[in-house]
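Right, one structure below, let's go through it.
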Amino acid sequence: THLISHSKSGHVRIPNYLPPPAPGHRARGPTIPLETAVRLQTRNTAESYGLADRGTPQVGKKVDINVIDFDALGIGAPEMVEDLPAGGRGIVQSATGYRYTICSGETTFVDGRHTGALPGKLVRGGARNHAEHRS
């Protein structure tokens, strides 16, 4: 069973145990090619969660694209926030270097600032879905 929760901030959180990809930015140890890191966090994750409409940039699929400036890429310190349903707490972390975020063809962030576009919607696993899986 995988938990997908919707936070007050409007983000959907999916537990993910892969570190953010930064191939070539490590000081020591082995690295993996950028395309491998992207595949692990896109196609492989979508397949693991059974999300057939995501994971690869194909016509008819939901596609999110980040345009990253690797020279400016960085992360802030983790922060505990109370933005989950019923006052639940979660850890968030800010990031720099993300020039554009495009979701379903709409630009949602430019240089870390939200554009106001909200092309997504809340995905819930309701009773209807459970009934389909039982038959």
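Everything in the sequence shown is counted per the working numbering, starting at 24 for the first residue and increasing by one.
The beta-carbon is built from N, C-alpha and C at its ideal position, and this holds for glycine as well.
Since this is a predicted model, take the numbers as computed values, not measurements.
**Asked** Can you tell me whether Gly78 is buried or exposed, with buried defined as 16 or more other CB within 10 angstroms of its CB?
**Response** Translated into the one-based positions of the sequence shown, residue 78 becomes position 55. Its Cβ being crowded by 16 or more others within 10 Å, Gly78 is buried.
**Message:** If the criterion is Cβ atoms closer than 8 Å, does the pair Ala95 and Thr119 meet it?
**Reply:** The residue labelled residue 95 in the question sits at position 72 within the sequence shown. The residue labelled residue 119 in the question sits at position 96 within the sequence shown. The answer is yes: Cβ separation under 8 Å.
**C-alpha distance - Asn67 paired with Gly52, whole-angstrom precision** = By one-based count along the sequence shown, residue 67 stands at place 44. By one-based count along the sequence shown, residue 52 stands at place 29. So the alpha carbons of these two residues sit roughly 23 Å apart.
**Pairwise C-alpha distance: Lys144 and Tyr40** = Along the sequence shown, read from residue 1 onward, the residue named residue 40 stands at position 17. Along the sequence shown, read from residue 1 onward, the residue named residue 144 stands at position 121. Bear in mind that the predicted position of Tyr40 carries a pLDDT of just 49, short of 50, making it too unreliable to give a figure here.
**Request:** Determine the closest residue to Phe132 out of Ile88, Ala109, Ala100, with distance taken between C-alpha atoms.
**Result:** Position 109 of the sequence shown, counted from the start, is the residue given in the question as residue 132. Residue nearest to Phe132 within the set Ile88, Ala109, Ala100 is Ile88 (criterion: CA-CA distance).
**Asked** Near Thr138, what residues of its chain come up, given a Cβ to Cβ distance below 7 Å and the 5 sequence neighbours on each side ignored?
**Response** Along the sequence shown, read from residue 1 onward, the residue named residue 138 stands at position 115. Once the five neighbours on either side are set aside, the close Cβ partners of Thr138 are Thr130, Thr131, Phe132.
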